[in-house]
Structures are given as C-alpha cells and as structure tokens.
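Q:
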Amino acid sequence: MLRRLHPEQPDSFAFTTANQAWADAQITKFPEGRQASAIIPLLWRAQEQEGWLTRPAIEHVADMLGMDYIRALEVATFYFMFQLQPVGSVAHIQICGTTSCLICGAEDLISVCREKIAQQPHELSEDGKLSWEEVECLGACANAPMAQIGKDYYEDLTAESLGKLLDDLRAGKVPTPGPQNGRFTSEPASGLTSLEGDKVQDANASVSLATAIGDSVKRIDGTEVPVLTGWLKDGPRGGRPDLNGQVAARSEGAAQKAAAAPAAKPVAKSAPKSEKPSAPKADDTAAAKGDYDRDGVVEGADEGTKPATLSAARDGGPDDLKKIK
52 MLRRLHPEQP DSFAFTTANQ AWADAQITKF PEGRQASAII PLLWRAQEQE
102 GWLTRPAIEH VADMLGMDYI RALEVATFYF MFQLQPVGSV AHIQICGTTS
152 CLICGAEDLI SVCREKIAQQ PHELSEDGKL SWEEVECLGA CANAPMAQIG
202 KDYYEDLTAE SLGKLLDDLR AGKVPTPGPQ NGRFTSEPAS GLTSLEGDKV
252 QDANASVSLA TAIGDSVKRI DGTEVPVLTG WLKDGPRGGR PDLNGQVAAR
302 SEGAAQKAAA APAAKPVAKS APKSEKPSAP KADDTAAAKG DYDRDGVVEG
352 ADEGTKPATL SAARDGGPDD LKKIK
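One rule links them: number in the working numbering = place in the sequence shown (from 1) + 51.
Rendered as structure tokens:
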C-alpha cells in the first residue's frame, strides 16, 4: 500500500530538551558507524512528542543519524505504526479488527467511532480532539474486543463502554486502561477456578504502571521517566564486543573508564596442531573430473544428440488443454 506524507506540513521540528537527551542516549547503544540502527526508536519518540510523524521530524532524525532523507522516509512509510497525517489532539483510537475481536464485536466498536469521531478512518473529529483507525491484531485476543488508545490497551469493550471512554477523553479525563468489564487480567469471566490466592494489587501490572506514570494519552516530552544509560557503564551491553572492536562510549565517564582499563594480556600460543593429510594433487583429480575449458565444457566429451524440436505448433494450432487430466 502506497503511503504518502500529508500535504500540509509544519515548518520545522525540534525535540524537547529532555527528548533530545533521550535520543542522544539511544544512539550510544550502537557502535560507531551503525547509528542508523537507532532510527525506529527516534522516529517513534518524535511521533510520541507530536502525535504524528511530520516531514521535518523525519529529516531531523535523519540528520542526527547521518542518513539520507530518502532512507529515513523509507522506514517511516514502511511501518504502519507511524502516523503520517495529523491525529486527534487528545487521542488516536486504534480498533483491533482481526479475527478474535471481529467475532466478539469489533464492528460495533467501529460503528461507535464512525458515529462519535468521523465517518472515515484517519479523519479528525469536528472538534479536532479525536481520530481513529482499524488495525491488525494487537495481541490481546483473550480480552477481545479491544482497542489501543495512546500507549495503553482498553480491553473487553462494548459499544456502550467505548462510547463512555470517548466522552471521558473529550472531557479531559484519562480512563483507567485494562479490562473494562471488571476482570483483573484475562481470567475466565465466571471467575478463577484455580490459583485463587489473595490479590495484593488493585490492578494488574500493566494497568498499575500506566496509572503510576500517567502517560496513557499524554504527548511525551521526556520528563516522564529518567534517562538511563546502564549499557555505558561496563562497555557493550551483555559483555559483547562492538562491531569495530571498540566500546561505544560517548559519555565522559565511560571514556575515562575505558582509558583506565588495564592492558589486555597477550594471547597464549596454542599447542601445535597435528598435520592434516595432504590433499590430492591437481594431476590426480584432473583424471577423475576431466579438463574444462573456459566455457565450462569438458574437453574431449561427446557432443551428444540434439533432442527433437518443433518448428511450429502441432496440427497448426494450440493444444487442447481440456484433454489434460
């Protein structure tokens, strides 16, 4: 499917100070010369900041990574998770329309979006606050039908509960994500029949984290959580050497630590290996394989007999394919 940039674009783009620090930190995950590997997280953060991915944002990220603009554009237009047109100023609703959700009522949810937001996907509502689209499976089939709104999943939806969610979003409220029918996670609607230990949380881990951070439908400015660069403390992440044989240490502290590291010990010589049996000489193999000329034909080989060919169609017409059984 061909995807194009929106005809109306802002004049410029810049990360917030906190988002810029986050983006710079992501680049240090990759060895020198491989910074382009950070393009997807950087494009995603640009979208989280603005709501959609603009041309100035794509070009800004390309400049940060030393990429041609067309290369960054190829990535942005390939992945449907990148929104290339304006979305609602409050929230963009993504309705799952794949098998499980479709069977359980996704079409009713789409009807609600057409009624309360806009008739067509990716259209802004009249007040500009909401937009919607139908997407492929979001992986919460046990809680179908469901939708992703902002960063979080809203599950076990009905037409009525989705309508209330949209009204709350328009009113400036942030509905609690997770199951909307009272379930804790994805246990049977009739209740647990095993593992019935006492619950110590009011909500599952995903809902608790979303509630604590409060970034469900928020435009991300980078101040929500601290920027952590644990991979710079001990060299390449997981103890793996980087592809250039150097530690990608961009911070001053990491560079000083690398300079103070003791020199590596010389590698001990290994014991001499046993001699391998000598390969057969070329003269010996030539007799077995034959001598080949530059065209790959064995010299001295028989020319063979040319197979029979046709100069025209049999009986002057095409074959009757109906005779094939």
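Where a beta carbon is used, it is the ideal one built from N, C-alpha and C, also for glycine. It should be emphasised that the depicted structure is a prediction, and the values quoted were computed from it without experimental measurement.
With a threshold of 16 other CB atoms inside 10 Å of the CB of Gly-289, please say whether the residue is buried or exposed.
A: To locate residue 289, count along the sequence shown from 1; it is residue 238. The predicted position of Gly-289 is uncertain, since its pLDDT is 40 and thus under 50; a value taken from the coordinates is nonetheless stated next. When all chains shown are included, Gly-289 counts as exposed.
Q: For Ile-168, does the three-state DSSP call read helix, strand or coil?
A: The residue given as residue 168 occupies position 117 in the sequence shown. Correct three-state label for Ile-168: coil.
Q: Going by CA-CA distance only, name the one from Ala-263, Cys-164, Glu-177 that's closest to Leu-213.
A: As a position in the sequence shown, residue 213 is number 162, starting the count at 1. Taking only the C-alpha atoms, the option nearest Leu-213 is Cys-164.
Q: Between which residues of its own chain and Ala-210 is the CB-CB distance below 6 angstroms, once the five residues before and five after are set aside?
A: As a working mapping, residue 210 is identified with position 159 in the sequence shown. Result list for Ala-210: Asp-159, Val-163, in chain order.
Q: Just to check my reading of the structure: Ser-267 and Gly-223 have Cβ atoms closer than 8 angstroms, yes? What is that Cβ distance to the nearest angstrom?
A: Your numbering for residue 267 matches position 216 in the sequence shown. Your numbering for residue 223 matches position 172 in the sequence shown. Going by Cβ atoms, the distance from Ser-267 to Gly-223 rounds to 13 angstroms, so no, they are not a contact pair.
Q: How many Å lie between Pro-323 and Pro-82 at the Cα?
A: As a working note, residue 323 is residue 272 in the sequence shown. As a working note, residue 82 is residue 31 in the sequence shown. Caution is warranted here: a pLDDT of 48 is assigned to Pro-323, below 50, making its placement in the model unreliable, and no coordinate value can be reported.
Q: Going by Cα to Cα distance, which pick from Leu-153, Glu-275, Gln-231 is closest to Ala-72?
A: By 1-based counting over the sequence shown, the position of residue 72 is 21. Nearest option by C-alpha distance: Glu-275.
Q: From this set, Ser-237, Val-126, Ala-142, which residue's C-alpha is nearest Pro-92's C-alpha?
A: Translated into positions along the sequence shown, residue 92 becomes position 41. The shortest C-alpha separation from Pro-92 is found at Val-126.
Q: If you follow the beta strand (DSSP E) that Ser-182 is part of, which residue opens it and which one closes it?
A: The sequence position of residue 182 within the sequence shown is 131, counting from 1. Its beta strand (DSSP E) spans residues 181-186.
Q: With a Cβ-Cβ cutoff of 8 angstroms, do Thr-262 and Ala-256 count as a contact?
A: Position 211 of the sequence shown holds residue 262. Position 205 of the sequence shown holds residue 256. It is not a contact, given that the beta carbons lie outside the stated cut-off.
Q: According to DSSP, simplified to helix, strand and coil, what is Gln-199?
A: Position 148 of the sequence shown, counted from the start, is the residue given in the question as residue 199. Strand.
Q: Using only CA atoms, which one of Ile-161, Leu-153, Ala-169 lies nearest to Gly-139?
A: Translated into the one-based positions of the sequence shown, residue 139 becomes position 88. For the residues Ile-161, Leu-153, Ala-169, the minimum Cα distance to Gly-139 belongs to Ala-169.
Q: Rounded to the nearest angstrom, what separates Glu-206 and Val-258 at their Cα positions?
A: Translated into positions along the sequence shown, residue 206 becomes position 155. Translated into positions along the sequence shown, residue 258 becomes position 207. In a straight line, the C-alpha of Glu-206 is about 11 angstroms away from that of Val-258.
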